[in-house]
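Asks:
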Amino acid sequence: MKELLHLFVPNNCVSCNAALGLSVEIVCRRCQASFDSLATPSMADQLVRSILERHHDLRPGPVELSALYRFHRNDALQNVIHAMKYQGVYRAASWFGYQLAVRFGEQLGAAGIDVIVPVPLHALKTVERTYNQSTFIARALGRELGLQVMPGFLKRTRYTASQTGLSAAERHRNVEGAFSVQSGYIPSHVLLVDDVLTTGSTVTEAMRTLMSAGVRHVSLAIVAVAATG
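Each step along the sequence shown adds one to the number in UniProt numbering, with nothing skipped, and position 219 is 219.
1. Are Val115 and Leu192 touching if we call contact CB-CB under 8 Å?
2. Would you give the residue range spanned by the alpha helix (DSSP H) that Tyr98 belongs to?
3. Of the residues Ser42, Leu22, Leu47 and Cys16, which one's Cα is nearest the Cα of Gln32?
4. Give the DSSP-derived three-state secondary structure of Gln182 in the structure shown.
5. Return the bridge partner residues of Leu197 from the DSSP annotation.
6. Contact check, Ile51 vs Gly200 under 8 Å by CB: the rounded distance?
7. Cβ-heavy atom distance between Gly214 and the ligand ZN below 7 Å?
8. Using the Cβ count rule (16 or more neighbours within 10 Å means buried), how would you classify Glu128?
9. How is Asn79 classed by DSSP in three states: helix, strand or coil?
10. Quick one: grab the DSSP three-state call for Val48.
11. DSSP state of Val119, grouped into three classes?
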């Protein structure tokens, strides 16, 4: 059946369009090899932690701060992220979620996480993009880790302009007060999931909103950190 389907729906690399045959991958080996991987969990933790401290004076404490890659302007990874965010390539989001589970599953599984929460889009932006890529990343990660995903727990209450092209100060103002938490059950430890971290304004505001609502610990799982973060 898969071979028959492939005749009608060719499987090509999301970045360079090279034919992938019947591979379950969405990115060819050549493009994957070019990704600037954060080789160890400690390297990822140190990079994310330094960005949050430098730009926002946020010191998350003893939680897991995970990221797969650094991305650079116009590289193969940015092509995949762009396709995921703006072209509705939801397979890329699920693939990244699986990669997060493979790389960080042991650490995240032992961290005492209660639920996974994706960084939300405003309802209007979800309509514009057709889906929230962070939700698809979170669901794939949740399936692999056996953790509940709560897409509606954190809400985006204000429509915000794209962060692309804004300075660090402008990014902070753009998302300030943009989130709220639904009433009811408040988990102790949340794993917050997003696709890209640049200066960390969005995840910082989301983390502070969660902790203000009573969440004690917020860990992070990020696909890629901007090389200029």
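All C-beta atoms in this analysis are idealised placements derived from N, C-alpha and C, irrespective of residue type, glycine included.
This one's a predicted model, so the numbers in the text were calculated from it and none came from an experiment.
Replies: On the basis of the supplied data:
1. no
2. Tyr90 to Gly109
3. Cys16
4. coil
5. Val225
6. 5 Å
7. The ligand ZN is not among the ligands present in this structure, which contains no ligands whatsoever.
8. exposed
9. helix
10. helix
11. coil
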